[in-house]
Structures are given as C-alpha cells and as structure tokens.
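Protein chains in written order, with this note's numbering: chain X, -19 to 368; chain F, 85 to 328.
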C-alpha cells in the first residue's frame, strides 16, 4: 500500500514543523509555499524564545505551552538559539506592583524565576536602565527565525518531504461531493497552473488562513494582528530584556547577533500582504525601548519591519489568547479533506505541529505516535543541501 | 507628509524556459525605506509574479541579498536614499555565481554544501566574537564567556557574488566558507586542513578584497583568508617538524 499524501499549504513555522512531524509518522508530504521559506509572518517574528513569563498572569494556557516548548527547542535545535535567558525589570512603582502576581503566576505555570537585587541585575546587564528597582531572571532566549524553520524543513526533507516554493494556491480540487482532494497551484517560477492531489490538505497559512479557507467557502476565525519591530546596530545586552508589567507596546528588547531588536505594537489589519511601516510606531519603539536600555538612543536602526500575528478566538488586540487552534473542517463544516491550524507563536511551533499531525493521522487512521519532542533536528543547511 | 521620491524600480525577470529581461516599475518611495520594502511593494501592488527571497528584514537571516545598481547589497538594511536619488532608477538583479530559480531568487544549495564542508559554526561564544566596538559599559570579566550568540556570517552569499575568482572557478570554496574555516581554526579542527589547503581552497584567492567590501555582517572574509593561510603554513610546518 502506498503512503498517504498530505499537502501542506504554507512554509512558515507551522507548515515546516507539521511537515517534519508527518514525515516521521510515515506520510508522503508536499509543502506548497507562494514565496520562499518564512516569506510571511514567520520570517519577521521578533525572535523571542518565550519562557512564558509574558503570558503567565493573563493567559496561563499559552504560558505553560511556552515554557514546555522552550525547554524542548533548547534540546532539539540548539544550533539556532542564543540560550542566554531573559530578565524582567521594574523601573517604576507600577512595575513593582505587578511583581507579586507575576511571581505567583510563574510559579503556577512552572516557569523558573530568580529574583535579583538592582545591583546584581546591573552587574549582569550593565546597559539596562540604571534606575532598575527589581529584576527577575527567566529562561527566555533568542532564535534566528529563518534558521529555526530551515532546521525543521531540512530534517523533514531528509525524511522525504518535498518543498515546492514559489507555488501559490489558487483554489481547491473538489472531489465532486464537496470535499477537498487537492490544490490548484500557480508555479510562479514557470508561470504554469498545476494540480496537486492529497488525501488531506493542511492549511498552515497563519494570518492568511481565512483567505485560504475562503477558497473552500469557509470562514476561519483568524484575526491578523500586526506589530512593529525595530532593530538597532549595537548588541547592548546578552539577555531578552522585558518590562515587568502587563504586556504593552515596545516592552521587549532582544539581543541578536550584533544587534538588539525592540518590539512591538498590536493593531488589527485586513490585508496583510504588505503592511506599511508607521513612522509614529518607530518613534514609540525608540522611546519605550530606551526606557529599558538607554543606550538604544545612541544606536542606529538596522532594519524596521512589520509582521502580522495570526490570533484566534474572541476579544481584540492583546486580550486575545496566544494559544493555537486546529480545525478539522469535516467537523466544523462537514467538508472532508481539509484541516486548518492557526494561532499560536513561534515558540510553540512544534506543539502546533504535533496537534495538527494528530488530527491528520486520526483522519488517515495512522496510529504512529509523535516523536518530535525527543528527536534532535539536523543541520538547518540540510534544507538547501538535500535534493528536493 | 513625509518626503516622497518617484523612482523607477528596474527588476531582472527570468522565468523557466523564457529569456531574461528587465521590467520597469514606476513607484513612490520614502528615501528612508529600505530597498527590500520597494521590492516587496512591487510584488504586493504591481506584479504578483515577481519571485524574491526574504525573511527577517533585519540582517539576521541573509535571505535578501541582491545586486542593487550593480553592487551586492543586503536589501533589508540598504536605505533607498543611499543607492538612488529622486527621479532615479533602482536596478535590482539576482546575485551572480548562483543558479537563478526565478527572477531575483537564487539556489543556495552549492554554497551551503561548502559551508557544511567546513563545519561553519552557526553559534559561538560571545567572548570569541571579536566585537570591535563594544558598548560603553561592557564588562569584560562578567560572565560573558558563558554567553552564546549567533555567528556573524549570515550566509547571504554577497561575497560569493562579488568574488572575481568565483566567476571563473565554481569549485573554489569561496570567501564565506574559507572565513568559516578560519573561524573554526585549524588547530581546533585539524581535519579542515585538507579541505582548505588545496587547489580550490585558500590559495585560489587573488586578494581582490571584494568580499570584505560587500560583506554586510562584519565577517571581513579577506582578512580571515589571509589569516587562514598563516594557519595552514603553521600547521604544515608543525607536521614537517613532527609537532602535529
């Protein structure tokens, strides 16, 4: 019997991690992507390997997902992670007031914390605001967005998955009974329309998930919610520096290579193919970022970009939970052959893939369990060096 | 209203089985935007068939290298005001010395195989990273030795495109892989000696220094190649005198 064929739409974090998981469970996998890897949101993520501390107070489900997956990614893909931890710092009295619930919530979510006196914090990170009132060490980290995706994709490729980049989905192939049995794609490198059949099609397009389900006549409850990031040309800290307070604009500064990156904002958008950079948000990142690290004022911008989070569920802006949802459209709309995964965060890509692969395998009556938690990924370069 | 410039974006186009040509796209840009912003807008609003590579938009992934008005640039950090003027033409072409996949997108396979051959380090201790302009309050003793950071080389391929030797000798290891071998060090990885001490290795370089001129990420491959030559000579002498 030949292997079942799964077509995954989207080579962002969710798509490549799902390809990796399904290849290990014995599926033939083809990933179609309209651009190159990480052409959308994934490439332009902030790069924070979340400890969960940011979500611990308001969104415990996401916080627990983050700490669990953070520890797994440190094990399976250390090649793309600066594992130097994070620091939450209090600068004003209102930050100190947040500390109590922060400590309690992190304990509840089993996120390890280490409280520092201001002098200790300044010894570890001499460039943070000298008026720091209190600080906590937490296991945050930084990752290289593209190479994180490449490591999953390269390992998937090694295990037989195929990647068709520059292939844009134009519509679904219908089996005649209203179910999905493949995709029609435009091969952008050859200007040709092609058909690709699959036993299951996975819509892993994040902020674009609604546009894809629309082609099947369905709605998906995804809300593209962009934010800005500004990179500066000096590596002023070794750790991810977070404002000790409820999540707000410009309250995270990450080190990466020789830079720091300040983020972010949060607003609603409809079309996220191109999100113009708003000048007032650049100024806001400078002001808020330099409250954490005054030296940012002496650095120069080195890249300014917007990325659209794919939020799922009710509410608006930062009140929406950062967890993820996987929909089998057989159950939601009685359309078989199509699964949508959206929401979530870069840090939880492996868990999103596990959940999606579980749903796909149940449909295909495959009983092989997920093994991605334990399996170290191959060199990210394998994506380019393995033949397709 | 922010200042706006009218420019012509001249884009190299090449599709499978079609002859290459240029398309001209007239557009408005802000001088303080990056070249990649203009290319992305051309795709989003003018011509959705344009293929190009990009991901992080802040010089950490190395995907968006192109030739901009004839010079290799990482387009996500190249300000429009630095490469064109109001009313001017901004020509974007794919990197040289790589097979073109489509339009501005090139195939990195051959190059990444070379990076694997020299076991290029993706991540390294901060203490070894030779930061030349450390932040003012940098504390050299602290626990800085224990910190790791992503390496300087982002494997963007600009040096491969700019190198005059690469153009005539595709099997030459090339600047970034030789720089990565130097970063590893032959003392630390003696197996690299045979990889770099050969016809298409460290001796093939003609010291044109184009690699260092275009490197967007502080690697300075030319200097590293010169240093690698010293490492090779000293490893050879060590062998000769039995100090392996």
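Think of the CB as a built atom: it goes at the ideal place given N, C-alpha and C, for glycine as much as any other residue. Everything numeric in this text was worked out from a predicted model, so none of it was measured.
Less than 7 Å between the beta carbons of residue 134 of chain F and residue 187 of chain F, yes or no?
The residue given as residue 134 of chain F occupies position 50 in the second chain. The residue given as residue 187 of chain F occupies position 103 in the second chain. The answer is yes: Cβ separation under 7 Å.
DSSP-derived helix/strand/coil call for residue 173 of chain X:
As a working note, residue 173 of chain X is residue 193 in the first chain. Of the three classes helix, strand and coil, the one that applies to residue 173 of chain X here is strand, per DSSP.
Would residue 39 of chain X be called buried (16 or more neighbouring beta carbons within 10 Å of its own) or exposed?
Taking the first chain and counting its residues from 1, the one referred to as residue 39 of chain X is at position 59. So residue 39 of chain X counts as buried.
DSSP bridge partner residues for residue 323 of chain X (one or two, in chain order):
In the first chain, counting from the first residue as 1, residue 323 of chain X sits at position 343. In DSSP, residue 323 of chain X forms a bridge with X:304.
Suppose you measure from the CA of residue 355 of chain X to the CA of residue 53 of chain X; what does that come to, to the nearest Å?
Walking along the first chain from the start, residue 355 of chain X turns up at place 375. Walking along the first chain from the start, residue 53 of chain X turns up at place 73. Approximately 10 Å between the Cα atoms of the pair.
Would DSSP call residue 207 of chain F helix, strand or coil?
Within the second chain, the letter at position 123 stands for residue 207 of chain F. Strand at residue 207 of chain F.
Starting from residue 136 of chain F and walking both ways along the beta strand (DSSP E), at which residues does that stretch end?
Along the second chain, one-based indexing puts residue 136 of chain F at 52. That residue, residue 136 of chain F, is in no beta strand (DSSP E); it is neither H nor E in DSSP.
From X:302, X:5 and X:207, pick the residue whose C-alpha is nearest to that of residue 284 of chain X; which is it?
If you number the first chain from 1, residue 284 of chain X lands on position 304. Taking only the C-alpha atoms, the option nearest residue 284 of chain X is X:207.
How far does the beta strand (DSSP E) with residue 52 of chain X in it reach, from first residue to last?
Counting from one through the first chain, the residue named residue 52 of chain X turns up at place 72. Counting along the chain, residue 52 of chain X falls outside any beta strand (DSSP E), though it belongs to the alpha helix (DSSP H) covering 40 to 56.
Helix, strand or coil: how does DSSP classify residue 196 of chain X here?
Along the first chain, one-based indexing puts residue 196 of chain X at 216. Coil.
From residue 295 of chain F to residue 181 of chain F, what distance separates their C-alpha atoms?
In the second chain, the residue the question calls residue 295 of chain F occupies position 211. In the second chain, the residue the question calls residue 181 of chain F occupies position 97. Rounded to whole angstroms, residue 295 of chain F to residue 181 of chain F spans 13 Å at the Cα level.
With C-beta atoms as the reference, is residue 231 of chain F less than 7 Å away from residue 202 of chain F?
Here residue 231 of chain F corresponds to residue number 147 of the second chain, with the count starting at 1. Here residue 202 of chain F corresponds to residue number 118 of the second chain, with the count starting at 1. Contact: no.
According to DSSP, simplified to helix, strand and coil, what is residue 173 of chain F?
Counting from one through the second chain, the residue named residue 173 of chain F turns up at place 89. Here residue 173 of chain F sits in strand by DSSP.
Burial state of residue 61 of chain F, where buried means 16 or more other Cβ atoms lie within 10 Å:
The structure shown does not extend to residue 61 of chain F, since chain F is modelled only from 85 to 328, so the question has no answer here.
Taking the straight line between their C-alpha atoms, what separation do you get for residue 259 of chain X and residue 269 of chain F?
Stepping through the first chain from its first residue, residue 259 of chain X is reached at position 279. Stepping through the second chain from its first residue, residue 269 of chain F is reached at position 185. Roughly 45 Å between the two C-alpha positions.
For residue 89 of chain F: DSSP bridge partner residues
Taking the first residue of the second chain as 1, we reach residue 89 of chain F at position 5. For residue 89 of chain F, which the question treats as bridged, DSSP gives the partners F:113.
Minimum Cβ-Cβ distance from residue 99 of chain F to chain X less than 7 Å
Within the second chain, the letter at position 15 stands for residue 99 of chain F. For residue 99 of chain F, the answer is yes, since a Cβ of chain X falls inside 7 Å of its Cβ.
Against residue 197 of chain F, what residues of chain X qualify as contacts under a CB-to-CB distance less than 9 Å, listed in chain order?
Locating residue 197 of chain F in the second chain gives position 113, where the first residue counts as 1. Result: 361, 364 and 365.
Does the beta carbon of residue 252 of chain F come closer than 7 Å to any beta carbon on chain X?
In the second chain, residue 252 of chain F corresponds to position 168, counting from 1. Not one chain X Cβ lies under 7 Å of residue 252 of chain F.
Interface residues of chain X facing residue 186 of chain F [CB-CB closer than 7 Å]:
In the second chain, the residue the question calls residue 186 of chain F occupies position 102. Near residue 186 of chain F (Cβ distances below 7 Å), the residues of chain X are 146, 168 and 169.
Whole angstroms are fine: how far does the CA of residue 159 of chain X sit from the CA of residue 235 of chain F?
Taking the first residue of the second chain as position 1, residue 235 of chain F is located at position 151. Taking the first residue of the first chain as position 1, residue 159 of chain X is located at position 179. If I take the Cα positions, the gap works out to 48 Å.
When the distance is taken between beta carbons, is residue 217 of chain X closer than 7 Å to residue 265 of chain X?
For the purposes of this step, residue 265 of chain X is taken as residue 285 along the first chain, with counting starting at 1. For the purposes of this step, residue 217 of chain X is taken as residue 237 along the first chain, with counting starting at 1. No, these two residues do not count as a Cβ contact at 7 Å.
My assumption, with CB atoms under 8 Å, is that residue 303 of chain X sits in contact with residue 323 of chain X. Please give the rounded CB distance.
Against the first chain, residue 303 of chain X aligns to sequence position 323. Against the first chain, residue 323 of chain X aligns to sequence position 343. Going by Cβ atoms, the distance from residue 303 of chain X to residue 323 of chain X rounds to 6 Å, so yes, they are a contact pair.
Within 10 angstroms of the Cβ of residue 362 of chain X, are there 16 or more other Cβ atoms? Answer buried if so, exposed if not.
Within the first chain, the letter at position 382 stands for residue 362 of chain X. Its Cβ being crowded by 16 or more others within 10 Å, residue 362 of chain X is buried.
Report the neighbours of residue 231 of chain F on chain X: residues whose CB is nearer than 7 Å to its CB, in chain order.
Working through the second chain from its first residue, we reach residue 231 of chain F at position 147. Going along chain X in sequence order, the residues near residue 231 of chain F (Cβ under 7 Å) are 64 and 218.
Taking residue 290 of chain X as part of the beta strand (DSSP E), name the residues at either end of that continuous run.
For the purposes of this step, residue 290 of chain X is taken as the residue at position 310 of the first chain. First-last of the beta strand (DSSP E) with residue 290 of chain X: 281 to 292.
Alpha carbon to alpha carbon, how far is residue 176 of chain F from residue 189 of chain F?
Residue numbering aside, residue 176 of chain F sits at position 92 when the second chain is read from its first letter. Residue numbering aside, residue 189 of chain F sits at position 105 when the second chain is read from its first letter. If you take the alpha carbons of residue 176 of chain F and residue 189 of chain F, they lie about 11 Å apart.
Counting only beta-carbon separations shorter than 7 Å, does residue 313 of chain F have a partner in chain X?
Looking up residue 313 of chain F in the second chain gives position 229. No, its Cβ sits nowhere closer than 7 Å to a Cβ of chain X.
Please list, in chain order, all residues of the same chain as residue 217 of chain F whose beta carbon is under 8 Å from its beta carbon, the five residues on each side excluded.
Within the second chain, residue 217 of chain F is the residue found at index 133, counting from 1. Here residue 217 of chain F scores only 49 on pLDDT, less than 50, and its place in the model is too uncertain to base an answer on.
Pairwise C-alpha distance: residue 8 of chain X and residue 346 of chain X
The sequence position of residue 346 of chain X within the first chain is 366, counting from 1. The sequence position of residue 8 of chain X within the first chain is 28, counting from 1. Their Cα atoms are separated by approximately 13 Å.
Beta bridge counterpart(s) of residue 118 of chain F as assigned by DSSP
Here residue 118 of chain F is taken as the residue at index 34 of the second chain, counted from 1. F:163, per the DSSP bridge assignment.
Whose CA, out of X:316, X:25, X:-18 and X:-8, lies closest to the CA of residue 205 of chain X?
Here residue 205 of chain X corresponds to residue number 225 of the first chain, with the count starting at 1. Closest by alpha carbon: X:25.
Since residue 88 of chain X and residue 116 of chain X should fall inside the 8 Å C-beta cutoff, what is the C-beta to C-beta distance between them, to a whole number of angstroms?
The residue given as residue 88 of chain X occupies position 108 in the first chain. The residue given as residue 116 of chain X occupies position 136 in the first chain. Their Cβ separation, rounded to whole angstroms, is 15 Å, which puts residue 88 of chain X and residue 116 of chain X out of contact at 8 Å.
Grouping DSSP H, G and I as helix and E and B as strand, with all else coil, what is residue 135 of chain X?
Within the first chain, the letter at position 155 stands for residue 135 of chain X. Helix at residue 135 of chain X.
On the DSSP letters alone, give me the boundaries of the alpha helix (DSSP H) that residue 261 of chain F sits inside.
Taking the first residue of the second chain as 1, we reach residue 261 of chain F at position 177. Start and end: 259 to 268.
Which same chain residues end up closer than 6 Å to residue 57 of chain X when comparing Cβ atoms and leaving out the 5 residues on each side of it in sequence?
By one-based count along the first chain, residue 57 of chain X stands at place 77. Counting only Cβ-Cβ distances below 6 Å, and skipping sequence neighbours, we find 131 and 357.
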